[in-house]
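Shown next, in structure tokens, is the structure this report addresses.
There are 2 protein chains.
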Amino acid sequence: MLDVCLLGTGGMMPLPYRYLTSLMLRYNGVQLLVDCGEATQIAMKEAKWSAKPIDVMCITHYHADHISGLPGMLLTMGNADRTEPLTMIGPKGLERVVNSLRVIAPELPFPIKFIELNENIEQLSLAGIDITAFRLQHKVTCYGYKFEIKRGGRFDPQRAKEQEIPLPLWHRLQKGETIEDPAQPGKIYTPDMVLGPARRGLKLVYATDTRPVPVIAEQAQDADLFICEGMYGDPEKVAKAKENKHMMLTEAAQLAKQAQPRRFWLTHYSPSLNHPEEYEKDVRKIFPEAVLPKDGRSITLSFDEE
Amino acid sequence: MLDVCLLGTGGMMPLPYRYLTSLMLRYNGVQLLVDCGEATQIAMKEAKWSAKPIDVMCITHYHADHISGLPGMLLTMGNADRTEPLTMIGPKGLERVVNSLRVIAPELPFPIKFIELNENIEQLSLAGIDITAFRLQHKVTCYGYKFEIKRGGRFDPQRAKEQEIPLPLWHRLQKGETIEDPAQPGKIYTPDMVLGPARRGLKLVYATDTRPVPVIAEQAQDADLFICEGMYGDPEKVAKAKENKHMMLTEAAQLAKQAQPRRFWLTHYSPSLNHPEEYEKDVRKIFPEAVLPKDGRSITLSFDEE
């Protein structure tokens with residue numbers, strides 16, 4: 006189960022009725038935050054999530070609306086007596102940017118581990134979550150993130166019995182380990198001896214800020230949830246979207262049409278876009294399942310029953 | 006007339022129901038902000054004040070809850086196409102701290118002029134407002150601020166006539182200028198020839214974060230409005246107040262009792278202080294006019310009629 010909360014849906018500046026775009030994920034006791042603009046810690050409290058156990062923080066890019074809440078968030082995490090390390094992932098320059106912001110948060114009771122992204126596509130695995138960072142097209146270096154929970158094949162006890170695999174080893178084979186039989190040195194058991202084909206896991210893709218580049222639809226292919234920026238609604242703003250390297254809501258919907266995710270949420274609305282829902286009809290003409298959420302939209306994604 | 010709005014009343018971290026402590030002032034078209042914690046720009050929008058014309062920003066000290074909102078505020082001011090310079094006042098290190106935070110707000114369409122405070126008491130005059138910065142007692146260097154609008158004596162047209170001062174010069178004398186008569190070189194008119202004694206002006210004193218030191222009551226003497234931190238209410242928190250260099254609500258009230266301001270507002274409540282109003286009775290036993298405001302409390306201070 007992957008708990009998801011889109012803490013805010015705004016771009017550029019926080020507003021009284023709309024926090025900056027930021028995403029919280031929780032899987033198996035591990036908590037991830039994607040982006041941390043000004044007031045994200047307030048949005049997190051409103052959503053009843055705690056800052057203390059943020060284990061991983063992914064930053065898309067270093068425009069202020071995506072990282073200006075960092076010093077305050079770090080202090081709040083520290084005030085909660087956190088001592089476990091925090092892993093931060095972001096484009097090249099991460100450590101320099103974070104340390105510069107920490108001029109007002111110099112002392113923290115926990116270490117920060119920095120992972121800086123350099124390639125167009127990078128893959129990481131943290132606490133059972135496979136993370137793919139993929140380069141977007143924005144005014145500065147910016148990455149989208151794909152989060153995947155892989156799911157192995159179904160364990161078949163009948164096959165295990167037939168192959169006379171000792172019962173105490175079943176659990177480890179089920180977890181994917183390759184094991185030598187302790188009673189019969191040289192005898193090796195592999196997971197494929199007892200597992201069926203890998204089953205569909207969970208996939209969430211998050212892309213902001215960017216123009217609609219093909220990599221987004223590739224990464225979001227068949228995702229359980231695809232969250233994508235849509236800065237402007239009014240068709241007259243196309244030139245502005247291109248100039249500022251953002252997307253129209255309809256451009257994002259076209260990406261969804263190509264990717265065919267199970268669920269599709271828009272976010273990162275311009276402060277000038279007072280009522281994104283007015284464009285729902287246009288967006289759903291392109292991708293009928295599109296949702297234009299408000300702050301705090303949440304969902305729990307579960308594995309398909311099999 | 007001095008417009009005053011206490012944008013937030015919280016300390017340490019912003020909460021869904023309480024913004025960080027910050028003060029807006031407006032006098033004669035000039036706008037001042039004192040402190041700029043995370044989400045202050047949201048609080049300002051809720052109070053219907055505009056960020057574009059912030060002319061002067063005074064920072065008390067460099068703990069994050071008093072300056073973490075600065076990069077976002079600067080960008081919002083820039084996005085409003087501001088080009089007029091911003092004057093920033095704060096303890097020594099101001100330029101270094103601000104430039105470090107500006108790693109995420111490097112390009113602004115307006116210049117910033119820095120005024121760094123070094124002495125225990127410093128006086129400035131900006132746009133008709135006399136500002137006195139006075140050193141407080143906190144864990145780091147921290148200043149309180151006194152804002153004064155001085156008011157000259159009443160103009161006496163009868164005396165001006167008796168002294169045969171030409172009518173076209175009256176207005177400049179009234180403004181406080183010393184003038185040579187253009188028709189009679191060597192003949193000098195001074196304001197005291199036509200003005201009565203200086204009248205009571207306006208005085209606002211703002212003190213946070215600090216222990217209750219005597220300078221606060223000295224500066225706040227007879228103020229029109231004295232705004233003072235009061236971090237804790239529960240008498241059991243006295244040791245914590247001393248350790249963290251903050252004040253009990255009752256300690257702040259004792260300062261008010263000494264200073265005898267016309268109005269007294271408390272602020273900078275601890276996140277643990279859910280209902281400051283529960284301590285109103287205790288505080289008013291010491292200073293009956295005390296107010297424990299909520300975010301957005303505002304008032305317009307006017308000169309006494311004379």
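Chain order of the listed sequences is A and B. The numbering of the first sequence is this note's numbering, which starts it at 6 and goes up by one. The numbering of the second sequence is this note's numbering, which starts it at 6 and goes up by one. Where is the CB? At the ideal position from N, CA and C, for every residue including glycine.
Q: Under 6 Å Cβ to Cβ from E312 (chain B), same chain only, skipping five residues before and after it: list those, please.
A: Lying outside 6 to 311, the shown extent of chain B, residue 312 (chain B) is not represented and no answer is given.
Q. Which one or two residues does DSSP pair with F139 (chain A) in a beta bridge?
A. A:I126 and A:G149
Q) With a CB to CB cut of under 7 Å and the five nearest residues on each side skipped, what residues in its chain are close to Y211 (chain A)? A) L28, V39, G149, Y150 and I232
Q | Near-chain A residues of the stretch 103–134 of chain B (beta-carbon distance less than 7 Å), N- to C-terminal order | A | S105, L106, V108, I109 and A110
Q. For Q128 (chain B), which of B:I134, B:A44, B:A138 and B:P21 has the nearest alpha-carbon?
A. B:A138
**Q.** N-terminal and C-terminal residue of the beta strand (DSSP E) that Q263 (chain A) is part of
**A.** Element bounds for Q263 (chain A): not the beta strand (DSSP E) but the alpha helix (DSSP H), L254 to A264.
Q. Which residue from A:D70, A:V61 and A:I117 puts its Cα closest to that of I136 (chain A)?
A. A:V61
**Q.** Where P162 (chain A) sits in the DSSP three-state scheme
**A.** helix
Q. Can you list, in chain order, the residues of the stretch 148–159 of chain A whose Cβ is nearer than 8 Å to any Cβ on chain B?
A. none
Q. What residues are listed by DSSP as bridge partners for F119 (chain B)?
A. B:M93
Q | Proximal residues, the stretch 57–76 of chain A versus chain B, C-beta separation under 8 Å | A | Y67, H68, A69, D70, I72, S73, G74 and P76
Q: Following the continuous alpha helix (DSSP H) through T45 (chain A), name the residue where it begins and the one where it ends.
A: T45 to E51
Q: Determine, using beta carbons only, whether T305 (chain B) comes closer than 8 Å to chain A.
A: no
Q.
Among A:E285, A:G301, A:R302 and A:D300, whose alpha-carbon lies nearest the alpha-carbon of E294 (chain A)?
A. A:E285
Q: Go to W270 (chain B), then tell me how far its beta strand (DSSP E) extends in each direction, as first and last residue.
A: F269 to T272
Q. If you draw a straight line from the alpha carbon of M49 (chain B) to that of H68 (chain A), how long is it in whole angstroms?
A. 22 Å
Q) Which one of A:T213, A:I291, A:G201 and A:R87 has the shortest CA to CA distance from T146 (chain A)? A) A:T213
Q: Leaving aside the five residues before and after Y302 (chain B) along the sequence, list all residues of the same chain whose C-beta is less than 6 Å from its C-beta, in chain order.
A: The sequence given here has Arg at residue 302 (chain B), not Tyr. For R302 (chain B), where only same-chain residues beyond five positions count, the Cβ hits under 6 Å are L11.
Q: Would you kindly check if the distance between the Cβ of K250 (chain A) and the Cβ of T14 (chain A) is under 8 Å?
A: no
Q.
Give me the chain B residues within the contact set of I47 (chain A), using Cβ-Cβ distance strictly less than 9 Å, ordered along the chain.
A. M18, P19, L20, P21, Y24, E43, A44 and I47
**Q.** Under the three-state DSSP convention, the category D8 (chain A) falls into
**A.** strand
(Q) Counting only C-beta atoms, is L12 (chain A) closer than 8 Å to chain D at any point? (A) Judged by its chain identifiers, the structure shown contains no chain D, and its protein chains are A and B.
**Q.** Contacts of E51 (chain A) in chain B (Cβ-Cβ under 9 Å)
**A.** P21
Q: Just tell me which of A:I72, A:Y194, A:A188 and A:E167 has its CA closest to the CA of Q179 (chain A).
A: A:Y194
Q: Specify whether the stretch 160–172 of chain B and the stretch 112–122 of chain B touch according to this definition: at least 3 beta carbon pairs, one from each stretch, less than 8 Å apart.
A: no
Q. Can you find a CB in chain A that lies within less than 8 Å of the CB of T81 (chain B)?
A. yes
Q) How close, in whole Å, do the beta carbons of G16 (chain B) and H280 (chain B) come, if the pair is a contact with beta carbons under 8 Å? A) G16 (chain B) to H280 (chain B), Cβ: 15 Å. No contact.
Q: Consult DSSP for Q36 (chain B) and reduce its assignment to one of helix, strand or coil.
A: strand
**Q.** Bridge-paired residues (DSSP) for M29 (chain B)
**A.** B:C10 and B:L38
Q | Own chain residues within Cβ distance below 6 Å of L297 (chain A), not counting five before or after | A | L271, P281, E282 and E285
**Q.** Alpha-carbon spacing of P173 (chain A) relative to Q36 (chain A), whole angstroms
**A.** 32 Å
Q. Alpha carbon to alpha carbon, what distance is there between T215 (chain A) and T183 (chain A)?
A. 42 Å
Q. So D239 (chain A) packs on R268 (chain A), CB below 8 Å; how close in whole Å?
A. At roughly 25 Å, the Cβ-Cβ gap does not stay under 8 Å, so D239 (chain A) and R268 (chain A) are not in contact.
**Q.** Of the residues A:K155, A:M6, A:A44 and A:P96, the one placed nearest P202 (chain A), counting alpha carbons only
**A.** A:K155
Q) Who are the near neighbours of L306 (chain A) in its chain, counting only those whose CB is closer than 6 Å to its CB and skipping five residues on each side? A) L7, L207 and D229
Q | For S275 (chain A), the nearest candidate out of A:M252, A:Q265, A:L260 and A:V288 (CA to CA) | A | A:M252
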